[in-house]
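*Asks:* My questions all concern the structure below.
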Amino acid sequence: MIRIRLDVMMAERKMSLNELSEKVGITPANLSILKNEKGKAIRFSTLDALCKVLECQPGDLLEYIEEDKD
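Per UniProt numbering, the very first residue in the sequence shown carries number 1; after that it's consecutive.
Set out below in structure tokens:
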């Protein structure tokens, strides 16, 4: 499972959802979907914009978590 750590990065940068939305050019609703891990996919252009604004690497935003095989 891929976890999106957008909430962590926003907290570390002390950036609100609305502020990030304005800087990245994505609606607050779509950004909220990513932040709350409800999205099924992310465009590379969106990932690129988030990394630029948050001054981070894609690996800072994405985390792989192995699911239990029980």
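We put the CB at the ideal spot given by N, CA and C, even for glycine.
Assign A9 to one of two classes, buried (16 or more other C-beta atoms within 10 Å of its C-beta) or exposed (fewer than that).
*Replies:* By one-based count along the sequence shown, residue 9 stands at place 9. Note that residue 9 corresponds to Met in the displayed sequence, not to Ala. By the neighbour-count rule (16 or more Cβ atoms within 10 Å), M9 is buried.
*Asks:* Please classify E63: does DSSP put it in a helix, a strand, or coil?
*Replies:* Taking the sequence shown and counting its residues from 1, one reaches residue 63 at position 63. Three-state result, E63: strand.
*Asks:* Identify whether I33 lies in helix, strand or coil by the three-state DSSP scheme.
*Replies:* Stepping through the sequence shown from its first residue, residue 33 is reached at position 33. Helix at I33.
*Asks:* Among residues of its own chain, excluding the 5 on either side of Y64, which ones have a beta-carbon nearer than 7 Å to its beta-carbon?
*Replies:* Position 64 of the sequence shown holds residue 64. The residues are I2.
*Asks:* Give me the residue from F44, L50, K40, A41 with the minimum Cα distance to R13.
*Replies:* Locating residue 13 in the sequence shown gives position 13, where the first residue counts as 1. Closest by alpha carbon: L50.
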